[in-house]
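Residue numbers (our numbering): -9 to 71. Here a beta-carbon is modelled for each residue, glycine too, at the ideal position from N, C-alpha and C. Notes for the one structure printed next.
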């Protein structure tokens, strides 16, 4: 994804935050994003990529362990979506 696309998506997110919280056009948007618990678009994409990578790693680890016949080391870890 290019920086241009990130900027466009960030403008859309900012506009939506302004509508949801009725923030003025010339007010800072960061406090509104924090209040909504929204990450900036680029950080959201990086977070999602890390989450997918983690889930793939955990699922593959479980498959390997069941193939070898080992018990899953930590049963309280679950796949996050």
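Legend entry - Assigned secondary structure, residue 34 (DSSP; H/G/I helix, E/B strand, else coil): helix
Legend entry - Element boundaries [alpha helix (DSSP H), containing residue 1]: -7 to 11
Legend entry - Span separating the alpha-carbon of residue 32 from that of residue 19: Approximately 16 Å, taken between the alpha carbons.
Inset, instruction - Check residue 52 in the structure and name its three-state DSSP category. - result: helix
Inset, instruction - Identify whether residue 25 lies in helix, strand or coil by the three-state DSSP scheme. - result: helix
Legend entry - Assumed close pair residue 7, residue 26 - CB separation to whole angstroms, cut-off 8 Å: About 6 Å; that satisfies the 8 Å criterion.
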